[in-house]
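Participant: Shown below is the structure under consideration.
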Amino acid sequence: MDILEKAPAKINLCLDTPFRHLDGSPEWRMVMTSIDLSDYVHIETSSALTGISIETDTGFLPSDHRNLAYKAAKELQCLFNISEGVHINIKKNIPVAAGLGGGSSDAAAVLRGLNQVWNLKLSLCELAKIGLKIDSDVPFCVYSKTALVEGKGELITPLDELPPFWLVVAKPHESVSTPSILKKISYEKIEHPNVDNVVAGIKKGNLAEICKWMGNALEPITVKEISEINKIKQKMYDFGVQAAQMSGSGPTVFGVCAKYSRAQHVYNSLKGFCNEVYIVHPCSLEKSFEHR
Ligand code: ATP
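Be aware that the sequence shown starts at 1, since it is given in UniProt numbering, and climbs by one per residue.
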């Protein structure tokens with residue numbers, strides 16, 4: 001049996017962390033949405049296969065137990081005592097270690113895909129719980145629709161559809177490691193964005209309000225390491241975005257534009273300055289779940 005799953009990238013329209021749990025992991029309050037920049041995950045199962053094998057078109061991603069897609073397959077194999085082997089082929093389009101949740105989305109795609117292929121009949125909520133064992137962004141990626149994300153990443157409250165807009169997504173040359181940024185959070189000094197106001201803006205379908213209240217508590221930490229973030233943001237504002245912000249722990253920056261023509265203008269200004277720039281819009285996997 002085989003199945004092809006789309007694995008969209010995510011961005012954080014708002015990211016706050018109110019405190020650190022005793023186990024060291026951050027408590028999150030985030031508004032996240034998926035964008036139409038996706039990896040494609042082909043999953044093949046067969047009793048003629050043994051174990052789990054991973055193939056990617058990058059040449060530098062791990063293809064063993066360190067790959068989040070491998071971890072997802074292993075979790076389901078162990079939980080349901082399945083001996084059938086799995087081969088996973090990942091076509092990477094999402095920049096790696098960029099704050100766009102590519103690895104988590106690949107893992108979520110494997111959970112959704114194997115749930116179908118092995119007829120496990122798990123709900124998205126049950127898949128999200130399993131996903132939390134892999135990475136804090138996996139539960140959101142299982143749903144891949146606009147949501148308020150809280151707890152350690154496991155509390156997902158779906159939000160209304162976003163008003164229409166375009167995003168210019170630009171990745172600086174350097175990458176950052178999420179754990180190294182999380183270690184540097186100093187909870188006494190952190191500036192907390194108003195997550196509730198972003199949620200209220202989404203409820204009203206008001207793009208100006210969403211843009212006014214967007215914020216990312218991790219941005220000042222990553223900016224200290226990668227100054228290119230501020231240069232990209234400035235360029236985006238100079239060319240007319242309504243708001244510009246870093247996604248996740250960075251370093252990718254996104255700019256919000258109501259009109260495609262404006263997004264194209266911003267995109268043209270950044271091409272040549274950054275080697276990875278995209279024009280995308282928010283997307284949702286929800287529609288593809290309706291017929292399942
Ligand atoms: P985070 O969700 O931690 O913010 P990110 O979006 O910044 O992550 P990813 O592209 O998910 O970054 O990669 C983070 C790390 O995970 C990289 O060091 C990479 O080697 C590892 N990794 C494991 N599996 C994958 C995968 N399938 N795709 C991308 N990275 C992976």
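Beta carbons are placed, not taken as given, at the ideal position from N, Cα and C, and that holds for glycine.
Keep in mind it's a predicted model, so treat the numbers as computed, not measured.
Do Val176 and Gly255 have their CB atoms nearer than 8 Å?
Facilitator: For the purposes of this step, residue 176 is taken as the residue at position 176 of the sequence shown. For the purposes of this step, residue 255 is taken as the residue at position 255 of the sequence shown. Taking 8 Å as the Cβ cut-off, Val176 and Gly255 do not qualify as a contacting pair.
Participant: On a Cα-Cα basis, can you pick out the residue from Thr252, Pro8, Met1 that is closest to Tyr143?
Facilitator: Reading the sequence shown from its first residue, position 143 is the one you call residue 143. Of Thr252, Pro8, Met1, the residue nearest in Cα terms is Pro8.
Participant: With contact counted as at least three CB pairs below 8 Å, one residue from each stretch, are the segment 108-115 and the segment 140-157 in contact?
Facilitator: Yes, the segment 108-115 is in contact with the segment 140-157.
Participant: Measuring straight from C-alpha to C-alpha, what distance separates His173 and Cys211?
Facilitator: Taking the first residue of the sequence shown as position 1, residue 173 is located at position 173. Taking the first residue of the sequence shown as position 1, residue 211 is located at position 211. Their backbone Cα atoms lie some 26 Å apart in a straight line.
Participant: In this structure, how does DSSP classify Glu5 when only helix, strand and coil are distinguished?
Facilitator: One-based indexing of the sequence shown puts residue 5 at position 5. Glu5 falls in the strand class under three-state DSSP.
Participant: From Tyr237, Asn216, Glu150, Leu49, pick the residue whose C-alpha is nearest to that of Ile190; which is it?
Facilitator: Against the sequence shown, residue 190 aligns to sequence position 190. Ranking the options by Cα distance to Ile190, first place goes to Asn216.
Participant: Any heavy atom of ligand 1 closer than 7 Å to the beta-carbon of Ile11?
Facilitator: Here residue 11 corresponds to residue number 11 of the sequence shown, with the count starting at 1. No - ligand 1 has no heavy atom lying nearer than 7 Å to the Cβ of Ile11.
Participant: Compute the Euclidean distance between the alpha carbons of Ile130 and Ser104, then round it to the nearest angstrom.
Facilitator: Position 130 of the sequence shown holds residue 130. Position 104 of the sequence shown holds residue 104. Ile130 and Ser104: Cα-Cα distance of roughly 12 Å.
Participant: Could you check where the beta strand (DSSP E) with Met236 kicks off and where it finishes?
Facilitator: Translated into the one-based positions of the sequence shown, residue 236 becomes position 236. Run containing Met236: none in the beta strand (DSSP E); it sits in the alpha helix (DSSP H), 228-238.
Participant: Going by beta carbon distance, what residues of the same chain come within less than 7 Å of Gly201, once the five residues before and after it are set aside?
Facilitator: One-based indexing of the sequence shown puts residue 201 at position 201. The answer, listed in chain order, is Glu209, Ile210, Trp213.
Participant: When every heavy atom of ligand 1 is checked, does at least one fall within less than 7 Å of the C-beta of residue 336?
Facilitator: Outside the shown range of the chain (1 to 292) lies residue 336, about which nothing can therefore be said.
Participant: Check for me: the beta strand (DSSP E) holding Ser180 runs from which residue to which?
Facilitator: As a first step, residue 180 is located in the sequence shown; it is residue number 180 there, counting from the start. Ser180 -> not in any beta strand (DSSP E); alpha helix (DSSP H) instead, spanning 178-183.
Participant: Answer yes or no: do Lys233 and Gly101 have a C-beta to C-beta separation smaller than 8 Å?
Facilitator: As a first step, residue 233 is located in the sequence shown; it is residue number 233 there, counting from the start. As a first step, residue 101 is located in the sequence shown; it is residue number 101 there, counting from the start. No, Cβ-Cβ distance for Lys233 and Gly101 is not below 8 Å.
Participant: Just to confirm, are Ala69 and Val41 a CB contact at a threshold of 8 Å?
Facilitator: Taking the first residue of the sequence shown as position 1, residue 69 is located at position 69. Taking the first residue of the sequence shown as position 1, residue 41 is located at position 41. The answer is yes: Cβ separation under 8 Å.
Participant: Between the beta-carbon of Leu285 and the beta-carbon of Val277, is there less than 8 Å?
Facilitator: As a first step, residue 285 is located in the sequence shown; it is residue number 285 there, counting from the start. As a first step, residue 277 is located in the sequence shown; it is residue number 277 there, counting from the start. Contact flag unset, no.
Participant: Can you give me the C-alpha to C-alpha distance between Ala243 and Ser53, rounded to a whole angstrom?
Facilitator: To locate residue 243, count along the sequence shown from 1; it is residue 243. To locate residue 53, count along the sequence shown from 1; it is residue 53. Cα-Cα distance, rounded: 42 Å.
Participant: Take every Cβ of the segment 76-89, pair it with every Cβ of the segment 151-161, and state whether three or more of those distances are shorter than 8 Å.
Facilitator: The segment 76-89 is not in contact with the segment 151-161.
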